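When you number the sequence shown by the UniProt record's numbering, it's gap-free, plus one each residue, and the end is 312.
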Amino acid sequence: MSTKGIDVSTYQGQPDWARVKADGVQFAFIRAGYGKNNIDQRCDYNGRNSKANGVTPHFYWFSYALNKDMVINEAQYLIAQAKKYTNSCMLAWDFEYDSMDYARNKGVSISKSTLTDWAAAFCQEVTKAGFTPVIYANEDYVKNYINVDTIISQTGAKLWFARYSNTIGSYGSNAYIWQYSSSGTVAGISGNVDMNIGYFDGVPETAAYTLNTFVREVQAACGASIDGVAGTETLSKTVTVSATVNNRHAVVAPLQRRLNALGYNCGTADGVAGSLFTAAVNSYQRNVLGYGTQDGEITARGKMWKSLLGML
């Protein structure tokens, strides 16, 4: 499932968040600040009013770091601002061409390995505070400036991928958020605004186990082509799983990890579907899918598979 989002800063003025919500926007990345604890003038207004009107707030920090210690400081500035509004959201590090030019003008050369190391440090600091880390990068950065795969594998971070196009392209295959336009229009905001698609269904995930990882594990366990993107073929290969059916199938452990990541306790991902698995499935069916009657079963090619795979 995908959700509609925007990102805003002081440059968008004072949005009418009730109208923004009515226009279908479900989440927003709000600039908390930039550089050495410079707080965005609209951060407080946007943080309070987005949440009050039902638009889920997430926050980002525009970096002017010159070393890893400054990156960690930026993470701490961002965490401090986010905690004023929520204890559970995504926090993004935004290091762009302006950031690189600033460092170069200060006599600091930043290699791909260095930037990757800095990004990982940011993510680790955010995770320690209980938030979900996000790295913002455009296609050129993913290709040439930063090793996103390394950061994701080391820290469980999400990728916020910028590509202004009708298609996300191959470099955005593991994106959690896609910024697809810088010239969008939304009710309640004067002028243009960045537009985003979030590849999530509103159920918060932990940073440790992402949807892309889950899809790949399911594809491997069920004999589908492994590309990290759930589609018709992946769904067709799924099997029924319960405490009595395929309860030791290779796909059980990925299902346990996925449910745990979504907050439905399966205990240790031991590859055996037992009583905790049944309880987790029933809770998910009730809370997420709205089932009046729960059966403790993830039926092959069924609605729960579609939901867990991000296809609803």
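Positions of the beta carbon are idealized from the N, C-alpha and C atoms, including for glycine. On a predicted model such as this, the values are computed, not experimentally measured, just so you know.
Quiz item: Which residue spans inside the stretch 65-114 form an unbroken alpha helix (DSSP H) run of at least 4?
Solution: DSSP runs (the alpha helix (DSSP H)) wholly in the stretch 65-114: 68-82 and 97-105.
Quiz item: Is the CB of Gln154 under 9 angstroms away from at least one CB in chain D?
Solution: Among the chains in the structure shown there is no chain D, since it carries only a single protein chain.
Quiz item: Using the C-alpha atoms, what's the distance from Ile189 back to Val20?
Solution: Within the sequence shown, numbered from 1, the residue matching residue 20 stands at position 20. Within the sequence shown, numbered from 1, the residue matching residue 189 stands at position 189. About 7 angstroms.
Self-check item: Between the CA atoms of Thr3 and Tyr164 - distance to the nearest angstrom
Solution: Counting from one through the sequence shown, the residue named residue 164 turns up at place 164. Counting from one through the sequence shown, the residue named residue 3 turns up at place 3. Distance between the alpha carbons of Tyr164 and Thr3: 17 angstroms.
Self-check item: Neighbourhood of Ala273 by C-beta distance below 7 angstroms, restricted to the same chain and skipping five residues each side
Solution: In the sequence shown, counting from the first residue as 1, residue 273 sits at position 273. If we look at Ala273 and ignore the five residues flanking it on each side, its Cβ neighbours are Val241, Ser242, Ala243, Asn247 and Val252.
Quiz item: Which stretch, first to last residue, makes up the alpha helix (DSSP H) that contains Ser275?
Solution: Residue mapping note: residue 275 aligns to position 275 of the sequence shown, counting from 1. Unbroken alpha helix (DSSP H) run through Ser275: Ser275 to Asn287.
Quiz item: Quick one: complete beta strand (DSSP E) runs, 3+ long, within the stretch 10-71?
Solution: 27-34 and 56-62, all fully within the stretch 10-71.
Quiz item: Closest to Leu115 by CA distance: which of Trp93, Gly130 and Ala129 is it?
Solution: Position 115 of the sequence shown, counted from the first residue, corresponds to residue 115. The candidate whose alpha carbon is nearest that of Leu115 is Trp93.
Quiz prompt | Residue from Ala221, Asn166, Ala280 and Val71 whose Cα sits closest to the Cα of Ile110 | solution = As a first step, residue 110 is located in the sequence shown; it is residue number 110 there, counting from the start. Selected option, being the one with the closest Cα: Val71.
Quiz item: From this set, Asp270, Gly263 and Ala269, which residue's C-alpha is nearest Asn287's C-alpha?
Solution: As a working note, residue 287 is residue 287 in the sequence shown. When each option's Cα is compared against that of Asn287, the closest is Gly263.
Self-check item: Tyr64 versus Leu235 - alpha carbon distance
Solution: Mapped onto the sequence shown, residue 64 falls at position 64. Mapped onto the sequence shown, residue 235 falls at position 235. Approximately 44 angstroms between the Cα atoms of the pair.
Quiz item: Helix, strand or coil: which one does DSSP assign to Leu309?
Solution: Taking the first residue of the sequence shown as 1, we reach residue 309 at position 309. DSSP, read as helix, strand or coil, puts Leu309 in coil.
Exercise. Reducing DSSP to helix, strand and coil, say where Leu255 ends up.
Key: The residue you call residue 255 lines up with position 255 of the sequence shown. Helix.
Quiz item: To which residues does DSSP link Trp118 through a beta bridge?
Solution: Indexing the sequence shown from 1 puts residue 118 at position 118. In DSSP, Trp118 forms no bridge with anything.
Quiz prompt | Close beta carbons around Asn49, own chain, < 6 angstroms, minus the five adjacent residues each side | solution = Working through the sequence shown from its first residue, we reach residue 49 at position 49. Take Asn49, set aside five residues on each side of it, and the residues of its chain with a beta-carbon closer than 6 angstroms to its own are Trp17, in chain order.
Quiz item: Hey, out of Asp117, Pro133 and Ala129, whose CA is closest to Cys123's CA?
Solution: Start at 1 with the first residue of the sequence shown, and residue 123 comes out as number 123. For the residues Asp117, Pro133 and Ala129, the minimum Cα distance to Cys123 belongs to Pro133.
Self-check item: Element boundaries [beta strand (DSSP E), containing Gln294]
Solution: Here the question's residue 294 lines up with position 294 in the sequence shown. Counted as a single uninterrupted DSSP element, the stretch harbouring Gln294 is not any beta strand (DSSP E), since DSSP gives it neither H nor E.
Quiz item: Roughly how many angstroms lie between the CA atoms of Thr167 and Lys106, to the nearest whole one?
Solution: If you number the sequence shown from 1, residue 167 lands on position 167. If you number the sequence shown from 1, residue 106 lands on position 106. Taking the straight line from one Cα to the other gives about 37 angstroms.
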